[in-house]
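J.: For the sequence shown, this note's numbering begins at 157 and goes up steadily by one.
Glycine is no exception: its CB is placed at the ideal position from the N, C-alpha and C atoms.
All figures in this text were calculated on a predicted structure; none of them were measured in a lab.
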Amino acid sequence: MVLHDTSVSRHHARIFTRAGRHFVMDLGSALGTFLNGKPLTRDKEQDLRAGDRLLVGSLELLFAPLAVDDDEPTQLAPPKPTRPRASTLITRARTDDEMRAIESGDTGRYNTLAELEKAPAPPRAAAATLVELEIPTIAMKLSPEEEALIASSPSVTLTEVEVSTSTITKVVPPKPKGPSAADRARLRRQLQATFGGRLLSRWREFPPRFRATAGVVTGLVIMTTLGLSLRTLLPAAGSGGGLRLEPSELSGKILPDSFGLGEGVTWKRPDLKEFQFQFASPTRAVAVLHYQARDISHTREVSIQLNGVELGWVPPDVSETQERELQLLIPVSMLRRNEPNQLVFDNMLNPPAEERWRVWNMYVEVIPVPELPVAQLLAKASEEASAARRFYEQRAIGLENLFKAWKLFRSAWITLEALDQKPELYEEVKFLLAQTASELDQDCRRLMLDFQRSVQYRDGDKALDTVQQVLRRFPTTEHRCHNLAIEKANEYELPI
Numbered sequence: 157m158v159l160h161d162t163s164v165s166r167h168h169a170r171i172f173t174r175a176g177r178h179f180v181m182d183l184g185s186a187l188g189t190f191l192n193g194k195p196l197t198r199d200k201e202q203d204l205r206a207g208d209r210l211l212v213g214s215l216e217l218l219f220a221p222l223a224v225d226d227d228e229p230t231q232l233a234p235p236k237p238t239r240p241r242a243s244t245l246i247t248r249a250r251t252d253d254e255m256r257a258i259e260s261g262d263t264g265r266y267n268t269l270a271e272l273e274k275a276p277a278p279p280r281a282a283a284a285t286l287v288e289l290e291i292p293t294i295a296m297k298l299s300p301e302e303e304a305l306i307a308s309s310p311s312v313t314l315t316e317v318e319v320s321t322s323t324i325t326k327v328v329p330p331k332p333k334g335p336s337a338a339d340r341a342r343l344r345r346q347l348q349a350t351f352g353g354r355l356l357s358r359w360r361e362f363p364p365r366f367r368a369t370a371g372v373v374t375g376l377v378i379m380t381t382l383g384l385s386l387r388t389l390l391p392a393a394g395s396g397g398g399l400r401l402e403p404s405e406l407s408g409k410i411l412p413d414s415f416g417l418g419e420g421v422t423w424k425r426p427d428l429k430e431f432q433f434q435f436a437s438p439t440r441a442v443a444v445l446h447y448q449a450r451d452i453s454h455t456r457e458v459s460i461q462l463n464g465v466e467l468g469w470v471p472p473d474v475s476e477t478q479e480r481e482l483q484l485l486i487p488v489s490m491l492r493r494n495e496p497n498q499l500v501f502d503n504m505l506n507p508p509a510e511e512r513w514r515v516w517n518m519y520v521e522v523i524p525v526p527e528l529p530v531a532q533l534l535a536k537a538s539e540e541a542s543a544a545r546r547f548y549e550q551r552a553i554g555l556e557n558l559f560k561a562w563k564l565f566r567s568a569w570i571t572l573e574a575l576d577q578k579p580e581l582y583e584e585v586k587f588l589l590a591q592t593a594s595e596l597d598q599d600c601r602r603l604m605l606d607f608q609r610s611v612q613y614r615d616g617d618k619a620l621d622t623v624q625q626v627l628r629r630f631p632t633t634e635h636r637c638h639n640l641a642i643e644k645a646n647e648y649e650l651p652i
């Protein structure tokens, strides 16, 4: 029997008789077959008795065996003379069109049953479903209420199928979808038990148009608030620093962020980058700008300016650029005491060119200058320069001698900066300071390469020994190589 309901599988269930007893079997349907509310096991026979109710998909069938005369089969309606026996065509209907053709007695383009059986099977249609029945003495009758329901509902049709000596009638319409009135009342009672549930119930009482408008307005308010919040967190246009403000203040603490244009730049600044810092010292002092730079190809490419006055130029790259720390003395006469000072790195080649450049690891060191008479300042600087020369000449004997020479040359340079009139010693000390600083940078670079090689070959003892050599050559944090060695040791958990 073909049941026009999408909840019924193509081969859903089978009802048959054996030795005077009736049985039902589920044929592996998608939604299963239920006998009196209990599911049937696939391919397992179950006794069928009068009054049993079968649930096939969403359709319910009432089973009622009838005592009939074998010579005179009971029929609800006589078959049409021109219509083939339904029992010969019931298993052949695969689509709605074929079913309508069978019910009307018109098989369409198939002139004989043999042609119909040999015809190719059409694509599977969800609406054409099948229940195979082998019942010699069974008929299902309608109650008055069911007949009234069928007569009043256009969606329910009465289908008769002749099977051997009986007639089966589809009697129960599909069950309505969605919660019942009792379920909705129970849900309302549950919602009233909590504050949130009462708000939800109150919200559902508003007209749909009001709820839609309120939802749109609320969404706009939320999106506007999020946009304003993100705008305060996002960096300035063109930067690549993520969800935080771009730093613009310098102090005595190292600022590791990088600025400029090219690979590895934290904050993209093709043209220039501005900083501010405070200069506050109770005594006479000088300020020293510390920074690192790379991708500088021209001598006069990146200018350094303080409060609108040019201080100098970033030197071009050398072989130890990655380890090189640059220093620039800021004269006291150019500093604004106890108020913001503006420091600018300005790439003179951009725009319109796209020259790569990068500065990072910046900080400002404030160094007090001894307040002594000119003669005493000259004597102090000369003594420091002489001691520095001795350490420099003995740099191959002791590991820390080169660092001591650099430190003394630097102290003499700072001392001479306190003089308004610079002596000849000033230029000599600056030259020797730059020379020792370059050699220190080379030593730092060589030791860091040895450390990376030891890590690559997984030689922990050699890596630890290299870190200890760095700390002996650079015993204080006045040179960046000291902190760099400590960072590497902590990164690879070396006991220093």
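According to DSSP, is His454 helix, strand or coil?
T.: Here the question's residue 454 lines up with position 298 in the sequence shown. The answer is coil: DSSP assigns His454 none of H, G, I, E or B.
J.: Only counting runs of 3 or more residues, tell me where the beta strand (DSSP E) segments fall wholly within the segment 461-520, in order along the chain.
T.: List check, beta strand (DSSP E) in window: 465-469, 482-486, 496-503.
J.: Opposite Gln550 in the DSSP bridges: which residues?
T.: Reading the sequence shown from its first residue, position 394 is the one you call residue 550. Gln550 pairs with nothing; no bridge assigned.
J.: Quick one: Cα of Val198 to Cα of Phe190, how far?
T.: Residue mapping note: residue 198 aligns to position 42 of the sequence shown, counting from 1. Residue mapping note: residue 190 aligns to position 34 of the sequence shown, counting from 1. Rather than Val, the amino acid found at residue 198 in this sequence is Arg. Cα to Cα, the separation comes out at about 11 angstroms.
J.: To which residues does DSSP link Lys194 through a beta bridge?
T.: What you label residue 194 is simply residue 38 of the sequence shown in a count that begins at 1. Leu191, per the DSSP bridge assignment.
J.: Taking Thr592 and Ala561 to be in contact with their CB atoms under 8 angstroms, please state how far apart those CB atoms are, rounded to whole angstroms.
T.: The residue given as residue 592 occupies position 436 in the sequence shown. The residue given as residue 561 occupies position 405 in the sequence shown. Between Ala561 and Thr592 the Cβ distance is about 5 angstroms, and since that is below 8 angstroms, they are a contact.
J.: Is it buried or exposed for Arg480, if we count other Cβ within 10 angstroms and need 16 for buried?
T.: Residue mapping note: residue 480 aligns to position 324 of the sequence shown, counting from 1. Result: buried.
J.: In terms of residues, what are the limits of the alpha helix (DSSP H) holding Thr633?
T.: Within the sequence shown, numbered from 1, the residue matching residue 633 stands at position 477. Run containing Thr633: none; DSSP gives neither H nor E here.
J.: Which whole-angstrom value describes the C-beta separation of Glu595 and Leu558, a residue pair presumed to lie in contact below a C-beta threshold of 8 angstroms?
T.: Sequence index remark: in the sequence shown, residue 595 carries index 439 (1-based). Sequence index remark: in the sequence shown, residue 558 carries index 402 (1-based). 6 angstroms between Cβ atoms; contact.
J.: Note down the Cα distance separating Leu376 from Gly352, rounded to an integer number of angstroms.
T.: To locate residue 376, count along the sequence shown from 1; it is residue 220. To locate residue 352, count along the sequence shown from 1; it is residue 196. Rounded to whole angstroms, Leu376 to Gly352 spans 23 angstroms at the Cα level.
J.: What is the DSSP secondary structure of Phe435, reduced to helix, strand or coil?
T.: Position 279 of the sequence shown, counted from the first residue, corresponds to residue 435. Reduced to three states, the DSSP call for Phe435 is strand.
J.: Identify, in the order they occur along the chain, each residue of the same chain with its Cβ nearer than 7 angstroms to the Cβ of Leu491, setting aside the five sequence neighbours on each side.
T.: The count along the sequence shown starts at 1 and reaches residue 491 at position 335. Phe435, Ala443, Asn497, listed in sequence order.
J.: What residue from Lys200, Val164, Met181 has the CA that sits closest to Leu215's CA?
T.: Along the sequence shown, read from residue 1 onward, the residue named residue 215 stands at position 59. Ranking the options by Cα distance to Leu215, first place goes to Val164.
J.: According to DSSP, is Ser185 part of a helix, a strand, or is it coil?
T.: Here residue 185 is taken as the residue at index 29 of the sequence shown, counted from 1. Here Ser185 sits in coil by DSSP.
J.: Here's the rule: buried if 16 or more other CB atoms are within 10 angstroms of the residue's CB, otherwise exposed. What is Ser357?
T.: The residue you call residue 357 lines up with position 201 of the sequence shown. Classification for Ser357: exposed.
J.: Given this structure, state the Cα-to-Cα distance separating Ile460 from Tyr613, to the nearest angstrom.
T.: The count along the sequence shown starts at 1 and reaches residue 460 at position 304. The count along the sequence shown starts at 1 and reaches residue 613 at position 457. Near 42 angstroms, if we compare the C-alpha coordinates of Tyr613 and Ile460.
J.: Determine, using beta-carbon pairs with one atom in the segment 565-575 and one in the segment 449-459, whether at least three such pairs fall under 8 angstroms.
T.: Result no; under three Cβ-Cβ pairs closer than 8 angstroms.
J.: Kindly indicate which three-state DSSP category Ile523 falls into: helix, strand or coil?
T.: As a first step, residue 523 must be located in the sequence shown, where it is residue number 367. In the structure shown, Ile523 sits in a strand (DSSP, three-state: E or B).
J.: Under 6 angstroms Cβ to Cβ from Gln483, same chain only, skipping five residues before and after it: list those, please.
T.: Taking the first residue of the sequence shown as position 1, residue 483 is located at position 327. Same-chain partners within the cutoff: Val444, His446.
J.: Grouping DSSP H, G and I as helix and E and B as strand, with all else coil, what is Leu215?
T.: One-based indexing of the sequence shown puts residue 215 at position 59. Strand at Leu215.
J.: Helix or strand or just coil, what does DSSP make of Asp203?
T.: Looking up residue 203 in the sequence shown gives position 47. Of the three classes helix, strand and coil, the one that applies to Asp203 here is strand, per DSSP.
J.: Alpha carbons only, please: which of Gly188, Ala574, Arg601 is nearest the one belonging to Ala441?
T.: If you number the sequence shown from 1, residue 441 lands on position 285. For the residues Gly188, Ala574, Arg601, the minimum Cα distance to Ala441 belongs to Ala574.
J.: Is it the case that the Cβ atoms of Arg170 and Met157 are separated by a distance below 8 angstroms?
T.: Here residue 170 is taken as the residue at index 14 of the sequence shown, counted from 1. Here residue 157 is taken as the residue at index 1 of the sequence shown, counted from 1. Their beta carbons are not under 8 angstroms apart, which means Arg170 does not touch Met157 by this criterion.
J.: Provide the residue span of the alpha helix (DSSP H) that contains Thr162, from first to last.
T.: As a working mapping, residue 162 is identified with position 6 in the sequence shown. Premise fails: Thr162 is in no alpha helix (DSSP H) and is neither H nor E.
J.: Are the segment 461-472 and the segment 412-426 touching, with three or more C-beta to C-beta distances below 8 angstroms?
T.: Touching, no, given that fewer than three Cβ pairs across the two stretches are closer than 8 angstroms.
J.: Expressed to the nearest angstrom, what Euclidean distance is found between the alpha-carbon atoms of Pro234 and Pro221?
T.: Translated into positions along the sequence shown, residue 234 becomes position 78. Translated into positions along the sequence shown, residue 221 becomes position 65. Confidence in Pro234 is poor, its pLDDT being 45 and thus under 50, which makes the residue's placement too unreliable to answer from.
J.: On the DSSP bridge list, what partners appear for Arg601?
T.: For the purposes of this step, residue 601 is taken as residue 445 along the sequence shown, with counting starting at 1. DSSP, once it has assigned bridges, lists no residue as partnering Arg601.
J.: Under three-state DSSP, which class holds His167?
T.: Translated into positions along the sequence shown, residue 167 becomes position 11. Of the three classes helix, strand and coil, the one that applies to His167 here is coil, per DSSP.
J.: Run the CB neighbour count on Thr381, radius 10 Å, all protein chains shown included, and call it buried at 16 or more, exposed below.
T.: As a first step, residue 381 must be located in the sequence shown, where it is residue number 225. Classification for Thr381: exposed.
J.: Measuring only the C-alpha atoms, how far is Pro507 from Asp427?
T.: As a position in the sequence shown, residue 507 is number 351, starting the count at 1. As a position in the sequence shown, residue 427 is number 271, starting the count at 1. Approximately 6 angstroms, taken between the alpha carbons.
J.: Quick check: what's the CA-CA separation for Gln346 versus Trp423?
T.: Within the sequence shown, the letter at position 190 stands for residue 346. Within the sequence shown, the letter at position 267 stands for residue 423. So the alpha carbons of these two residues sit roughly 56 angstroms apart.
J.: Rank Glu649, Ser437, Gly616 by C-alpha distance to the C-alpha of Ile523 and give the top, closest one.
T.: Looking up residue 523 in the sequence shown gives position 367. Considering only alpha carbons, the answer is Ser437.
J.: I'd like to know if the segment 401-416 and the segment 514-532 are in contact, where contact means that at least 3 CB-CB pairs between them fall below 8 angstroms.
T.: Because the criterion of three Cβ pairs below 8 angstroms is met, the segment 401-416 and the segment 514-532 touch.
J.: Which two residues bound the contiguous beta strand (DSSP E) that contains Phe351?
T.: Walking along the sequence shown from the start, residue 351 turns up at place 195. No beta strand (DSSP E) holds Phe351; the alpha helix (DSSP H) holding it covers 351-360.
J.: Just how far apart, CA to CA, sit Thr632 and His638?
T.: Here residue 632 is taken as the residue at index 476 of the sequence shown, counted from 1. Here residue 638 is taken as the residue at index 482 of the sequence shown, counted from 1. When rounded, the distance between both Cα atoms is 6 angstroms.
J.: Taking all protein chains shown into account, do 16 or more other C-beta atoms lie within 10 angstroms of the C-beta of Ile294, making it buried, or fewer, making it exposed?
T.: Residue 294 sits at position 138 when you count from the first residue of the sequence shown. With a pLDDT of only 41 at Ile294, under 50, the local geometry of the prediction cannot be trusted, and the value read off the model is given with reservation. Looking at its Cβ environment, which holds 16 or more other Cβ atoms inside 10 Å, Ile294 is buried.
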